[in-house]
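Chains as they are written, first to last, in this note's numbering: chain F, -5 to 176; chain U, 9 to 225.
Below is one structure; the comments refer to it alone.
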């Protein structure tokens, strides 16, 4: 079905002028979709281990077509962000150039034990600029997680970590407990 | 994975007489050459063995499966007060066995915290003690390291964040078994069935050798 046919059926103009509201009441982004996330972490200053206790993810996503699936997508994005915030690291041997942890045994990532409480809040902000007012939401659910965790770690220990992943060694180095190594 | 023959051993004597070599020696290749295509190795749970085979680090001609041997999966309190644990006892069994829990809690804890539930339900104590090190140079087909017959230990001068800091001359591997640590602390011994039918009992702390020690020398 062509856009003009959909617009005719939906009794609205082709440019969605009647639906799209710039600077709308609950919009998180002016011309695109937006999201904001909050993280609560516990940092063990003896071991350097960061544990994410809770993540609240607010996501603007146009018209939710399948809210359950959408929440699941946001949860997946949060988990992926948590995983690269704390664990995922591509380790390259500096002499041979080969990746040293190119298998699921050595490449660390978040599992069920690292999964925090995830609260997803969807904003129904109908400015998707599509025939259905819906947005695609793939990567957007993932963008805010690692910065939110990094902010929470800063809030917890008072030192900024400027590199991912925030491993126990990186946390202890930031706290001045161990040397940074070479 | 390369093709290989499969033999289901039905007795300890059959397995001991199968001509099997150690996985360690079957993984040694000359520089520029291939790993042995003629080795016979034994398999318990197969967790580590099949990983090595899938990575191409081990290419045995024949795999002798121990899972069909009766009686190797038992935990028995003996009359002299010791406990005998069969080589084929699963890590999951060790972690939940009442005798182990009561008398050797550290062993139950070590076994119960190893790997993941799926692996603990297949991995055996014997295989756990005999698994190869997890050094990422040793496990990489791209690095022909000293432990596999090469010239150098890449951990020296390379990324050695998970390597040994004691007794690492020439090779900085660390044995990965947590259960072994508990067993050494409890003064455990291993009983080996030899090809000639003889039995040999060795304290576990002497069973594990430093990388530089050649048991045949």
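Ideal Cβ positions, reconstructed from N, Cα and C, are used throughout, including at glycine.
Interface flag, residue i vs chain F, CB-CB below 9 Å
i: residue 148 of chain U; result: yes
i: residue 9 of chain U; result: no
i: residue 151 of chain U; result: yes
i: residue 145 of chain U; result: yes
i: residue 159 of chain U; result: no
i: residue 13 of chain U; result: no
i: residue 22 of chain U; result: no
i: residue 69 of chain U; result: no
DSSP state of residue i mapped onto helix, strand, coil
i: residue 84 of chain U; result: strand
i: residue 172 of chain F; result: coil
i: residue 211 of chain U; result: strand
i: residue 15 of chain U; result: strand
i: residue 165 of chain F; result: helix
i: residue 101 of chain U; result: helix
i: residue 228 of chain U; result: Shown here, chain U extends from 9 to 225; a query on residue 228 of chain U therefore has no answer.
i: residue 15 of chain F; result: Unreliable positioning characterises residue 15 of chain F in this predicted model, as indicated by a pLDDT of 49, which lies under 50. The coordinate reading is nonetheless provided below. It is coil, neither helix nor strand.
i: residue 136 of chain F; result: helix
Residue i at chain U interface by Cβ criterion, 9 Å
i: residue 109 of chain F; result: no
i: residue 155 of chain F; result: no
i: residue 99 of chain F; result: yes
i: residue 87 of chain F; result: yes
i: residue 163 of chain F; result: yes
i: residue 94 of chain F; result: yes
i: residue 12 of chain F; result: Here the model assigns residue 12 of chain F a pLDDT of 47, short of 50, so the residue's position is not dependable, and the following value carries that caveat. No, its Cβ sits nowhere closer than 9 Å to a Cβ of chain U.
Run of the alpha helix (DSSP H) containing residue i, from where it starts to where it stops
i: residue 62 of chain U; result: 55 to 62
i: residue 108 of chain U; result: 106 to 111
i: residue 63 of chain F; result: 61 to 80
i: residue 192 of chain U; result: 186 to 193
i: residue 147 of chain F; result: 139 to 151
i: residue 98 of chain F; result: Segment: none, residue 98 of chain F is in no alpha helix (DSSP H) and carries neither H nor E.
i: residue 136 of chain U; result: 133 to 138
i: residue 127 of chain U; result: 125 to 128
Whole-angstrom C-beta distance between residue j and residue i, which should lie under 8 Å
i: residue 96 of chain U; j: residue 109 of chain U; result: Not a contact, Cβ separation roughly 20 Å.
i: residue 52 of chain U; j: residue 101 of chain U; result: Not confirmed; about 13 Å, so no contact.
i: residue 70 of chain F; j: residue 134 of chain F; result: Not quite, the Cβ-Cβ distance comes to about 12 Å (not below 8 Å), so this is no contact.
i: residue 88 of chain U; j: residue 69 of chain U; result: Going by Cβ atoms, the distance from residue 88 of chain U to residue 69 of chain U rounds to 41 Å, so no, they are not a contact pair.
i: residue 117 of chain F; j: residue 54 of chain F; result: 4 Å
Host beta strand (DSSP E) of residue i (start-end)
i: residue 197 of chain U; result: 197 to 201
i: residue 22 of chain U; result: Not the beta strand (DSSP E): residue 22 of chain U falls in the alpha helix (DSSP H), residues 20 to 24.
i: residue 29 of chain F; result: 29 to 37
i: residue 112 of chain F; result: 111 to 117
i: residue 93 of chain U; result: 91 to 93
In DSSP terms, what residue i is bridged to
i: residue 73 of chain U; result: U:16 and U:51
i: residue 45 of chain F; result: F:36
i: residue 54 of chain F; result: F:117
i: residue 93 of chain F; result: F:86
i: residue 128 of chain F; result: F:56
Check: residue i C-beta below 8 Å from any heavy atom of the ligand GDP
i: residue 82 of chain F; result: Ligands in the displayed structure: none, and consequently the ligand GDP is not present.
Closer than 9 Å at the beta carbon, the chain A residues around residue i
i: residue 41 of chain F; result: Looking for chain A here will not work: the only protein chains present are F and U.
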